[in-house]
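Chains as they are written, first to last, in the numbering used here: chain A, 1164 to 1505; chain B, 601 to 879; chain C, 485 to 677.
See structure below.
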């Protein structure tokens, strides 16, 4: 039927903005129904006063610890921005892995184990989505900053957030010990999962408040490890991700991370992305086997999937030649996993 | 003596014989007319429960009483308004700095007693409005313990005051000069003989035989005690709205009990049944 | 670097500019309605344990059972300023339990015995009913089950006990498991007052 055919071609183009428009309208027109409350009047202030109780009685203070101070939230944003900058500098200008590992460890300790995970840029995607469709829902400035900063960084330097800042990435990054190569087609196919996950998460986030759920946070496999507490099955899933991650580099980041989907889209247009260039690196292809993420194709880093971990530089004979004491013949290097290199 | 719920008067609504927001106090006059306050108005119901007349009060009425000469006294915040039987304002009593929220009014001889829920004791005035003495102010807790927010009392035919002290689960008897004559009551959450919860009874009245009829809150219940403090009857324990508290009540010469349900804004009437009622 | 730009470079600049403008617009839009903080709190007017009028309901214990912490970040807080200091506190005693020889109920409400009862002020040596009592909740024992909150509610009590979020222990989960499970939608991150 011709009508169906034309609809079929038009629908994908209008579905995205159309859906957004519908959601915005929903948010504006659906204020929460006010609940009816029974009101009581208390005729007199019936609680005994200090004078009535007598004998020098002093009403005890009720301890109410304040929520985390705004200064700490600003500190988080400043640290995030600084870490993004340092990661970009280390990955793109210094072209060094060692300091990147130090940075990623530091961020894992701070954002992961000290701040215990929340709120993170990955999860903030949902807050931003809700804020866009629900006029009663507002997110704090620092959450907006957490969401936007890594994306801006991706527009300039690629996925430097994944390289050295994200604690979820960091905990997996440090587990990559014996990476095996995932068949390229399988890798590409699994890569679509993160878009499905992102779509699902956005769908559940923009539901009316009573049905709303943040599935990214709900099924975050690593936050329980940061906190040493959480649902047993999720802790086991997190552990399983880490065990699998010994052999398959950063499975969550590559195939599931919904924010990674956004970052890969933004890093496609990066101004100065992580690169392997003939002028600074040896155009030999050693790096391709050193990359545990399948992010080097035809001796060049793929912007959308490169985590800027720097293993390629470590495997590059040119970079080793720069430090005389660690000159290793290229042929010898090729046979070793990158971590084994000094 | 058993009681059965007979009928209700008023209710929540905007009709003239209904209450929109509050029903706080009930009283009877010598002719058997029922007076109710709430919503900043006095409503008078005649013997067949029809609204006879109503008139507004200056402030929301907390309690109402009718003296022997038929004058209608309405207790309010920091003042008492005195109306003639037709609703004409004859006097307003104020005692700045002294009189707080007036939650009960009683008469004995030439004395007027006002329950002051702010001070948490009962004040005794003469007919001219001069304070004679306070009752309950020598209490170690500084007054009656009223976490429920009202002081209620009743004066029996001999001029003895029966005051509810809910925080101590007691009914206390005082002479007009403030001497504690006796008390009864104890806490018990199971045995209806005792008073349950944090603070009961909240309100009480005395009939012409000296029986004390009390109302309780959470859950709302009405009981009758003999003059010695022995439980005679549980009048009702499941007919009131469970959120009702401080239910004022009054008993007429035929033994009928009128209870103000402060949640549904109905006046529930309970009639005695059995041999004693006709005796 | 060459001063001539390839078609690919121009397209890249255009895409980057568009994306930056989009992010900027999004940020501006959200910034205008942004609030200051982001902390979970309990709306006492919604919580079934403290909501007025909800009488005769069963206690809701989800604050104690759903939190990701072993000991929930929710606690019961007694606002002393509005506590009636009753002799028989319905949030402390199980007021329907049998009365002991001391005239008081024999059972307590708190399953963890987290509430301390203490006579205050001038103490009558002969009549314990003649005293005021402070009811202090031990924060290290309370798990926020809400039983005392329900029992303290009007009209049984004065409603001085409420469930509150302990901000020093709350992990500020972006998806709060309690909020998700709360049947009354009382667990929320409202704008600060």
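Note that CB positions come from ideal geometry on N, CA and C, so glycine has one too.
Remember, it's a predicted structure, so these values are computed and weren't measured experimentally.
With burial defined as no fewer than 16 other Cβ atoms inside 10 Å of the residue's Cβ, what is the status of residue i: buried or exposed?
i              : result
residue 821/B  : buried
residue 1357/A : buried
residue 724/B  : buried
residue 659/C  : buried
residue 1359/A : exposed
residue 1241/A : exposed
residue 1473/A : buried
residue 1277/A : exposed
residue 1373/A : exposed
residue 716/B  : buried
residue 669/B  : exposed
residue 744/B  : buried
residue 1239/A : buried
residue 696/B  : exposed
residue 607/C  : exposed
residue 670/C  : buried
Following the continuous beta strand (DSSP E) through residue i, name the residue where it begins and the one where it ends.
i              : result
residue 607/B  : 602-610
residue 703/B  : 702-708
residue 557/B  : The requested residue 557/B does not occur in the structure, where chain B is confined to residues 601 to 879.
residue 816/B  : 812-816
residue 776/B  : Here residue 776/B belongs to no beta strand (DSSP E), and DSSP marks it neither H nor E.
residue 1434/A : Run containing residue 1434/A: none; DSSP gives neither H nor E here.
residue 857/B  : 857-861
residue 869/B  : 866-873
residue 648/C  : 645-649
residue 661/C  : Careful: residue 661/C lies outside any beta strand (DSSP E), inside the alpha helix (DSSP H) at 661-665.
Counting only the same chain and skipping the five closest in sequence on each side, list residues whose C-beta sits under 6 Å from that of residue i.
i              : result
residue 1342/A : 1412 and 1455
residue 1434/A : 1319
residue 796/B  : 789
residue 548/C  : 556, 627, 628 and 629
residue 754/B  : 762, 804, 805 and 806
If you follow the alpha helix (DSSP H) that residue i is part of, which residue opens it and which one closes it?
i              : result
residue 1351/A : 1347-1354
residue 1214/A : 1213-1216
residue 497/C  : 491-516
residue 733/B  : Not the alpha helix (DSSP H): residue 733/B falls in the beta strand (DSSP E), residues 731-735.
residue 827/B  : Careful: residue 827/B lies outside any alpha helix (DSSP H) and carries neither H nor E.
residue 1239/A : 1233-1251
residue 1304/A : 1304-1320
residue 1333/A : 1330-1336
residue 603/C  : Unbroken run through residue 603/C is the beta strand (DSSP E), 599-604; no alpha helix (DSSP H).
residue 1477/A : 1474-1478
Could you pull out every residue in the same chain whose Cβ sits closer than 8 Å to the Cβ of residue i, ignoring the five residues on either side in sequence?
i              : result
residue 794/B  : 769, 785, 786, 787 and 788
residue 1175/A : Its pLDDT being 42, under 50, residue 1175/A is placed unreliably in this model, and the value from its coordinates should be taken loosely. Excluding residues within five positions, none has a Cβ falling inside 8 Å.
residue 1202/A : Low confidence applies to residue 1202/A: its pLDDT is 41, below 50, so where it sits in the model is not reliable enough to give any reading.
residue 657/B  : 637, 640, 641, 642, 674, 676 and 681
residue 638/C  : 536
To the nearest whole angstrom, what separates the beta carbons of residue i and residue j, a pair I think is in contact under 8 Å?
i              : j              : result
residue 703/B  : residue 750/B  : 4 Å
residue 522/C  : residue 1282/A : 7 Å
residue 1163/A : residue 1327/A : Look at the range of chain A in this structure, 1164 to 1505, and you will see that residue 1163/A is not part of it.
residue 752/B  : residue 831/B  : Between residue 831/B and residue 752/B the Cβ distance is about 19 Å, and since that is not below 8 Å, they are no contact.
residue 1251/A : residue 1316/A : 7 Å
residue 731/B  : residue 722/B  : About 11 Å; that fails the 8 Å criterion.
residue 855/B  : residue 807/B  : 7 Å
residue 550/B  : residue 640/C  : The requested residue 550/B does not occur in the structure, where chain B is confined to residues 601 to 879.
residue 733/B  : residue 778/B  : 5 Å
Less than 7 Å between C-beta atoms, sequence neighbours within five positions excluded: which residues of the same chain meet that for residue i?
i              : result
residue 528/C  : 534 and 646
residue 1199/A : At residue 1199/A the pLDDT is 35, less than 50, meaning the model places this residue with poor confidence and gives no usable figure here.
residue 739/B  : none
residue 1189/A : Low confidence applies here, because residue 1189/A scores a pLDDT of 40, under 50, leaving its location unreliable; read the following figure in that light. Around residue 1189/A: 1296.
Below 7 Å, is the gap between the Cβ of residue i and the nearest heavy atom of the ligand SAH?
i              : result
residue 1410/A : Annotation note on the ligand SAH: not contained in the displayed structure, which lists no ligands.
Got a sec: which bits of the stretch 722-747 of chain B sit with their beta carbon under 9 Å from any beta carbon on chain A, in order along the chain?
Listed by position along the chain: 741, 742, 743, 745, 746 and 747.
If contact means a Cβ-Cβ distance below 7 Å, which residues of the stretch 1289-1318 of chain A contact chain B?
Residues: none.
Got a sec: which bits of the stretch 1206-1217 of chain A sit with their beta carbon under 7 Å from any beta carbon on chain C, in order along the chain?
Per Cβ criterion, the list reads 1209, 1210, 1211, 1216 and 1217.
So if I threshold CB-CB distances at 8 Å, which residues from the stretch 624-651 of chain C count as touching chain B?
Look at the stretch 624-651 of chain C: the residues with a C-beta under 8 Å from a C-beta of chain B are 638, 639, 640, 641 and 642.
Give, in chain order, every residue of the stretch 1414-1431 of chain A whose Cβ lies closer than 9 Å to some Cβ of chain C.
Of all residues in the stretch 1414-1431 of chain A, those with a C-beta nearer than 9 Å to a C-beta of chain C are 1428, 1429 and 1431, reading in chain order.
To be precise: take each residue of the stretch 1368-1383 of chain A, compare its Cβ to all Cβ atoms of chain C, and keep it if any distance is under 9 Å. Which residues remain?
Against chain C - using a Cβ distance shorter than 9 Å - the residues of the stretch 1368-1383 of chain A are 1372, 1373, 1375, 1376, 1377, 1378, 1379, 1380, 1381 and 1383.
Residues of the stretch 825-847 of chain B in Cβ contact with chain C at a cutoff of 9 Å, in chain order, please.
Residues of the stretch 825-847 of chain B with a C-beta less than 9 Å from any C-beta of chain C: 841, 842, 843, 844, 845 and 846, listed in chain order.
Please list the residues of the stretch 671-703 of chain B that have a C-beta atom closer than 9 Å to any C-beta atom in chain A, keeping them in chain order.
Residues of the stretch 671-703 of chain B with a Cβ closer than 9 Å to any Cβ of chain A, in chain order: 677, 700, 701 and 703.
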